[in-house]
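Student:
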DNA sequence: TTTTAATGTCAACAAGGCTGACGTATTTTG
DNA sequence: CAAAATACGTCAGCCTTGTTGACATTAAAA
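See below:
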């Protein structure tokens, strides 16, 4: 297990080749901790806004992806969010009841519902994503363009196939 | 608000300077989505292991940081994890009852408790972090050392002061 | 026409957050 | 030394968000 190819555990063994120093257990552990702490910073801004309103992080996620893919179906959204339909439904129900989200019966396939944000929904989404982008922007700016490219590359390598598909399907200018 | 210095909203405005193209709203949005999808990949492996046992992600976090800072106090752990003492207590109680974590009364200050992992706790922690590191390692390897450096730099810039303090206090070879 | 797919919804439950309120050592301070 | 502050532990209750199971509806597909 310790000598699985490319699996350099680095515990009391001999030194690793210099070009693999970044794969050290210590480096990996630090990366894990960085993800943990950074994710808190990542969600802090929108969470603070949501505290006052009657919504939570789950609502934010739904708003974000409906904004990104106007007209998306429930099934597509389920795949993106990776939750059960019952969980999503509970969130969507409140958003629809509050007039943030509009659900229209599909034109081609009338079993499907197409989801859109209302004006009000767009406004809330904008408020949340502005706050989150501000945080992201200052991090990007502090780190610089080269670091940002690396950041993206590692995150993309961290996704499994399923997520990567959804991530790429959103593309540079999201389509339903 | 649109022309706050360095706040290039890029919505229907003129082109941004070339050297700031990475601060585009589109780029930031993609980074946000990358974080969202990647975090799922990040927690997937340990979550899968925990599903069988009677523990959850919160237990994993406690195990991780006690492993990293043997002898840590409750208060320190609270700061790292950023949860209420009641939340942490619930998790710690089960871990202590199961013999995964040992709590010793402080030597200098007898009000404090010092937390350690038992042999069994170390074993579980190892199982979980091995799985998570495997995932991390393959992402690191796929992205390469330069990307990893950028990844870390952006994540660190994303933390707020409080988290950064805890993150750095853990250091390269964690101390209590 | 039967089957399958997409969706909504009800019920029940669990994990893991939170706050408020106490109780108890123990250390610090005035 | 007495009073206050600190570091816990714990009980109770509540919220969000996740889960599974079951059942109904509608409409597309075979």
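Protein chains in written order, with the UniProt record's numbering: chain A, 1 to 176; chain B, 1 to 176. The beta carbon of each residue, even a glycine, is placed where N, CA and C say it ideally should be.
1. Between A:126, A:153 and A:161, which lies nearest to residue 25 of chain B when the distance is taken from Cα to Cα?
2. Enumerated in chain order, which unbroken segments of the beta strand (DSSP E) with a length of 3 residues or greater are wholly contained in the UniProt domain "HTH marR-type" (25-160) of chain A?
3. Beta-carbon separation of residue 145 of chain B and residue 22 of chain A under 8 Å?
4. Between residue 184 of chain A and residue 163 of chain B, which are expected to be in contact by the criterion C-beta below 8 Å, what is the C-beta distance as a whole number of angstroms?
5. Give a yes or no on contact between the segment 152-162 of chain B and the segment 36-52 of chain A, applying the rule of three or more CB pairs nearer than 8 Å.
6. Quick one: what does DSSP say residue 168 of chain B is sitting in, helix, strand or coil?
7. What residues of chain A sit near residue 32 of chain B, judged by a beta carbon separation below 9 Å?
8. Any C-beta of chain A sitting closer than 8 Å to the C-beta of residue 153 of chain B?
9. Are the CB atoms of residue 93 of chain B and residue 105 of chain B nearer to each other than 8 Å?
10. Quick one: which chain B residues come within Cβ less than 7 Å of residue 170 of chain A?
11. Please list, in chain order, all residues of the same chain as residue 170 of chain B whose beta carbon is under 6 Å from its beta carbon, the five residues on each side excluded.
12. Between residue 82 of chain A and chain B, is any beta-carbon pair separated by less than 8 Å?
13. Nearest-angstrom Cα distance between residue 121 of chain B and residue 63 of chain B?
14. Less than 8 Å between CB atoms is the rule here; does residue 100 of chain B satisfy it with respect to chain A?
15. Taking the alpha-carbon positions, what's the residue 136 of chain A to residue 107 of chain B distance?
16. Could you check whether residue 66 of chain B and residue 116 of chain B sit closer than 8 Å to each other, using their CB atoms as the reference points?
Tutor: Taking the coordinates as given:
1. The candidate whose alpha carbon is nearest that of residue 25 of chain B is A:126.
2. Whole beta strand (DSSP E) segments, 3+ residues: 101-105 and 113-117.
3. Yes; because the gap between Cβ atoms is below 8 Å, this pair is in contact.
4. There is simply no residue 184 of chain A to check, as chain A begins at 1 and stops at 176 in what is shown.
5. With the cut-off at 8 Å, the segment 152-162 of chain B and the segment 36-52 of chain A touch.
6. The answer is helix: DSSP assigns residue 168 of chain B an H, G or I state.
7. Per Cβ cutoff of 9 Å: 42, 64, 129, 132, 133 and 136.
8. Chain A, which has a Cβ nearer than 8 Å to the Cβ of residue 153 of chain B, makes this yes.
9. If you check the CB distance, residue 93 of chain B and residue 105 of chain B do not come in under 8 Å.
10. Within chain B, the residues near residue 170 of chain A are 33.
11. Residues of the same chain with a CB within less than 6 Å of the CB of residue 170 of chain B, apart from the 5 flanking positions on each side, are 68 in chain order.
12. With a threshold of 8 Å between beta carbons, residue 82 of chain A makes contact with chain B.
13. Using only the alpha carbons, I get a separation of about 7 Å.
14. Chain A contact via Cβ: absent.
15. When rounded, the distance between both Cα atoms is 44 Å.
16. Yes, the pair counts as a contact, with Cβ atoms nearer than the cut-off.
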